[in-house]
């Protein structure tokens, strides 16, 4: 990674809550991370950890009753939390784009795929319909969809799951964004198609030098494309590091648990997968101490009462666990 590259996204102490009839759900509780141009960041964690909510705040698409209640978000040097909706609209889909989990529900079933891509182009540029249609076909070709002229005239139901995901990527890239956010882009796809989608994202990253944020619950997916990773649990970052350092030296018990859940192709003996016992933290009533403490086999008394700081394990490798205080 080029250390001289410009910082594209900078998030500091971000807090997001949902104000429901049952009370305040503290979905994101003070997270910080940054992303440079041409860099890929993986955000990993189980459902409810705050992965998607944090990038929804970055995109300005938090649904009511969700609100950013603290922190700072800058994108390409712009203070995003000070923008009005019209200013957001100029950036979304143009400078930053997002691939959502389910391409079938993200595509409009009554319009052709080419029409929807052309509409995106016209919404953010001064391109006319005829030229936008040509760009839509070219965009489908860039993501290796065969017969793009024919495919552009077809409807989403005529595409397979993998092709629909490629069409969504095509739509996200048609305005050449600086940042692409992929929210579980391989969900519900078979492993062969998953590999093709990840290969496509890697190729596009190398070709365009755009930044990528890959949101997933699968620790195995991030190794193929990401340079660094943040692991989230209970609305907080429990570990962050370069991908190779995280796999070589996982330092938080939650990260270790996620890695133990991965199946191993080569093993001396048959071993069952080791699930993480217990239930996710209740963010209506988050604990005073470490959010992972109730599920941690190495929990200490201090873990239940005080939140651990981010301990530096090695250069740019941090882990929020009180066990590291014993090592110092």
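Numbering (the numbering used here), first residue to last: 1335 to 1662.
Glycine included, each C-beta is placed from N, C-alpha and C at the ideal position.
Nothing here was measured: the structure is a model prediction, and the numbers come from that model.
Collapsing the DSSP output to three states places residue 1405 in a strand. In this structure, DSSP gives residue 1462 a state outside helix and strand, which the three-state scheme calls coil. Note that the C-beta distance between residue 1506 and residue 1432 is below 8 angstroms.
Counting along the chain, residue 1347 sits inside the beta strand (DSSP E) bounded by residues 1341-1354. At least 8 angstroms separates the beta-carbon of residue 1564 from that of residue 1422. Using a 10 angstroms sphere on the CB of residue 1467, the tally of other CB atoms reaches 16 or more, which defines it as buried. Taken through DSSP and simplified to helix, strand or coil, residue 1483 comes out as helix. Per DSSP, residue 1367 is one residue of the beta strand (DSSP E) stretching across 1357-1370.
Secondary structure at residue 1550: strand, using DSSP grouped into helix, strand and coil. Contact between residue 1440 and residue 1497 fails: their C-beta atoms lie close to 14 angstroms from each other, not under 8 angstroms.
As computed with DSSP, residue 1545 is found in a beta bridge with 1513. Cβ neighbours of residue 1536 within its own chain (closer than 7 angstroms, five residues either side excluded): 1558, 1559. Check the Cα spacing between residue 1629 and each of 1593, 1588, 1657, 1645: the tightest is with 1588.
Linking residue 1575 to residue 1348 through their CA atoms gives a straight-line distance of about 19 angstroms. Non-local beta-carbon contacts of residue 1546 in its own chain, meaning distances under 6 angstroms to residues more than five positions away in sequence, involve 1374, 1514, 1539 in chain order. Excluding five sequence positions before and after residue 1479, the CB atoms of its chain that fall closer than 8 angstroms to its own CB belong to 1485, 1497, 1500, 1501, 1504, given in chain order. Residue 1363 places its beta carbon less than 8 angstroms from that of residue 1620. When the alpha-carbon of residue 1475 is set against those of 1465, 1508, 1456, the nearest one is in 1508. If you draw a straight line from the Cα of residue 1583 to the Cα of residue 1561, it is about 15 angstroms long.
Under DSSP, residue 1430 forms a beta bridge with 1426, 1513.
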